[in-house]
Amino acid sequence: MSIADLAWLPPRPTGFSGIRKGIPGSTQPVADLMQLASSRLNAIESGQLSKSLTKLMAAGIDLSPLAEFRLGIVSNSTTELLTEILPAAAIRHGVALQVTPGPYGQIQQQLLDPHSALASAAPDAVLIAVDHHWLFPDAMSADAAAGARIDEAIDEIAGMIAVTRQTSGAALILQTVAVPAESLFGNYDRRVAGSRRSRIITWNQALTKLASGTGCYLFDLAALAERVGTDAWFNPVQWHAYKLAHDRQYDTLHAEMLARIIGAIRGKTKKCLVLDLDNTVWGGAIGDEGIEGIKLGQGSAIGEAFLEVQRTALLLKARGIVLAVCSKNNEETARAPFRSHPEMLLKEDDIAVFQANWTDKASNLAAIAESLNIGLDALVLLDDNPAERAQVRAAAPLVGVPELPEDPSWYPRRLLDSGYFEAVSYSAEDSLRASSYAANARRVQVKASAGNLGDYLNGLEMKLAATPFDSQGLQRITQLINKTNQFNLTTRRLTEAEVIDVMADPRQYSLQIRLEDAFGDLGMIAVVIGSMKGDTLDIENWLMSCRVLGRKVEHAMLSIIARDAANLGVTTINARYLPTRKNNMVAEHYPQLGFSRVSIDDSGAADFTIQTDSIDVGELPMSIAHDPAISTRSADAVANAA
């Protein structure tokens, strides 16, 4: 099947229309919405579901666990069709999306005018969707003219980025340009500097560099068009008649790929791949056929297919995706191939959590999520059995469960096509995530054998490092802000561009916290953002990875903030807690640190305050590396800014 068929999604449920029409009166409207969105819908059905979402928004329904997002679109092509179906695709990726399209062709007008309809919508991000018609109106030109147009167009986009940041603070999503099917020189086309193909390749390289340097996101539409084939992607009849940038048969695919980016911006990317074993990682049933009988390894097509499944899992692990096992088997039997089969690429050490028993898979998935201290919505289950897939979708609908074909040769492509692990950034720390979870399992063992909590914490030999935000930590800072839900006091999301603004504003206080211990480097595990006003510091963001709960890291952070406050002339620290469905665990965070509650409303939102000279965190079980001179420089900057 083509990627355009969205074959990783299950067929739409029987009674789609009735379920959709019943959503406004349903006792679980958001769950119904998400169930329908997670199935294979055509453009008409997607448009209908988008309207259902709009009605729920208008009715003021709580859309949790969907994250709200406002997207603006400016383009030199018609975008109304995309606007109609994109919200349905976004639901699939954990987002309640509102889309504001700019009028056809009014790209600069909408972005540069602070009173435009787009600016009035206060978008979180704006997609700049231009194609070759905007970039190069002519088919070919002289070399110098070709280069000049690219430079001119890049300057135009850079200007739009700068003004948009100033007027609305919205992030920008830049779209690469697909190369049209027509070739003027045939095979020689790539070698002619003025050819449309050569110029578009140069443009996409320049655009990618611009996105990286300005904190923008990249939508690689060129790669998508190549995937389906440019002969099919471009439809000259539809362009001339309706100014459609691509053939309508790819509407749902286009929306799906864009929705993945929006979901990733909101931190909805999955974190863990859970593997079934029999007929998923190897061929046959290990309990019936034994190690010698399973199909795995070189020399047979089926054995090589399962090797490729394992190789794909290891590649995902190398980029930071955690691996787990969920199999209906006796545990010792299930572990045997990992230990002794000569062709196994996956080893026990690659698996963070190994669940092999006869309990139903939904319960085992819940246990895996609990062991890793992540939500069910962070899991993807790869399972060859359609009955098991259906059972998990019904019992644990937040888990990603891609449909699989009969032939395992297609499993890797189907898994990667599903987009569950979409990335909008990638850092060295991402690659360490999987090993970090394995190290955490060893920490749990040490904790179980420790005589008391103090002995355990001291035995970890923790080293904490604190610095203000910087460009090296930018991507990880943005990830933490958008992915952390439980230990997050306000759940205030920021794009990479907004984090850059925090770094540039001398009135903003920022901390990135890193931690390592005897078992390994946990990387960046906490973030604080505050606003300085005279002798007061207002903490606007305080979030921390749940991997380090119970280690007194928050006490160490407060001691650092107090030290910085003294250098900045701050005497009062104010903070706020905004309750969500997931962050009730930190409702008493500030009182436990010695803050006084100033107010609390019916929703549970509360304001707190503390005088810096009263802060006393006691003895801490870790060393702290922090340069107080950094705060002094911040104080000078604030004084100069004032």
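Per our numbering: the sequence shown = residues 168 to 809. Where a beta carbon is used, it is the ideal one built from N, C-alpha and C, also for glycine. Predicted model only: the values in this text are computed from it and were never measured.
Identify every residue that forms a DSSP beta bridge with residue i.
i, result
"residue 241", "295"
"residue 494", "523"
"residue 693", "680 and 711"
"residue 764", "775"
"residue 342", "386"
"residue 207", "178"
"residue 752", "In DSSP, residue 752 forms no bridge with anything."
"residue 734", "Beta-bridge pairing links residue 734 to no other residue."
"residue 449", "445"
"residue 324", "For residue 324, which the question treats as bridged, DSSP gives no partner whatsoever."
"residue 264", "236"
"residue 489", "439"
"residue 675", "698"
"residue 547", "440 and 567"
"residue 705", "698 and 741"
"residue 789", "629"
"residue 688", "683"
"residue 462", "450"
Only counting the same chain, and skipping five residues up and downstream in sequence, which positions put a Cβ closer than 8 Å to that of residue i?
i, result
"residue 700", "674"
"residue 323", "275"
"residue 470", "450, 462, 463, 464 and 510"
"residue 787", "719, 722, 723 and 726"
"residue 535", "439, 441, 491, 493, 520, 522 and 546"
"residue 715", "682, 689, 692 and 693"
"residue 559", "528, 529, 532, 548, 550, 566 and 568"
"residue 395", "169, 170, 171, 417 and 420"
I'd like to check one pair, residue j with residue i: are the Cβ atoms closer than 8 Å?
i, j, result
"residue 810", "residue 740", "Because the chain spans 168 through 809 in this model, residue 810 falls outside it and cannot be assessed."
"residue 664", "residue 338", "yes"
"residue 692", "residue 682", "yes"
"residue 678", "residue 727", "yes"
"residue 285", "residue 277", "yes"
"residue 729", "residue 779", "yes"
"residue 331", "residue 385", "no"
"residue 219", "residue 177", "no"
"residue 348", "residue 398", "yes"
"residue 296", "residue 255", "no"
Quick check: what's the CA-CA separation for residue i versus residue j?
i, j, result
"residue 619", "residue 234", "40 Å"
"residue 658", "residue 454", "46 Å"
"residue 408", "residue 414", "12 Å"
"residue 808", "residue 199", "Low local confidence applies: a pLDDT of 47 at residue 808 is under 50, so the model's placement there is unreliable, with the coordinate-based value given in what follows. For residue 808 and residue 199, the distance between alpha carbons rounds to 51 Å."
"residue 628", "residue 790", "8 Å"
"residue 744", "residue 527", "38 Å"
"residue 259", "residue 636", "33 Å"
"residue 819", "residue 381", "Outside the displayed span of the chain (168 to 809) sits residue 819, for which this structure offers no information."
"residue 772", "residue 738", "24 Å"
"residue 426", "residue 187", "21 Å"
"residue 794", "residue 630", "14 Å"
"residue 537", "residue 603", "16 Å"
"residue 552", "residue 445", "9 Å"
"residue 539", "residue 595", "21 Å"
"residue 895", "residue 341", "Lying before the first or after the last residue shown, residue 895 is absent from the chain, which here runs from 168 to 809."
"residue 244", "residue 253", "16 Å"
"residue 482", "residue 549", "15 Å"
"residue 661", "residue 269", "23 Å"
"residue 208", "residue 271", "27 Å"
"residue 423", "residue 257", "7 Å"
"residue 196", "residue 185", "13 Å"
Using a Cβ-Cβ cut-off of 6 Å (strictly less than) and excluding sequence neighbours within five positions of residue i, which residues of its own chain qualify?
i, result
"residue 545", "437, 438 and 439"
"residue 709", "656 and 695"
"residue 350", "356"
"residue 182", "none"
"residue 434", "649 and 650"
"residue 639", "none"
"residue 570", "175 and 177"
Cutting at 7 Å between CB atoms, please list the residues of its own chain near residue i, excluding the five before and the five after it.
i, result
"residue 507", "458"
"residue 362", "307, 351, 352 and 356"
"residue 799", "Because residue 799 carries a pLDDT of 49, less than 50, the predicted location of this residue cannot be relied on, and the following value inherits that uncertainty. Result list for residue 799: 734, in chain order."
"residue 653", "713, 749, 750 and 752"
"residue 485", "598"
Practice problem: Check whether the stretch 354-363 touches the stretch 391-406, counting contact only when three or more Cβ pairs, one atom from each stretch, lie closer than 8 Å. | Solution: No contact exists between the stretch 354-363 and the stretch 391-406.
Quiz item: Is the stretch 487-494 touching the stretch 515-532 in the sense that three or more CB pairs, one from each, lie closer than 8 Å?
Solution: At 8 Å Cβ cutoff, the stretches touch.
Quiz item: So, do the stretch 452-460 and the stretch 285-298 have three or more beta carbon pairs nearer to each other than 8 Å?
Solution: No, the stretch 452-460 does not touch the stretch 285-298.
Quiz item: Taking three-plus beta-carbon pairs below 8 Å as touching, is the stretch 220-231 in contact with the stretch 384-395?
Solution: As far as the Cβ criterion goes, the stretch 220-231 does not touch the stretch 384-395, which means the pair count is below three.
Exercise. Please confirm if the stretch 421-431 is in contact with the stretch 574-594, defined as three or more CB-CB distances below 8 Å between the two stretches.
Key: As far as the Cβ criterion goes, the stretch 421-431 touches the stretch 574-594, which means the pair count is three or higher.
Practice problem: Take every Cβ of the stretch 575-586, pair it with every Cβ of the stretch 467-483, and state whether three or more of those distances are shorter than 8 Å. | Solution: Yes: the two stretches touch, three or more of their Cβ pairs being nearer than 8 Å.
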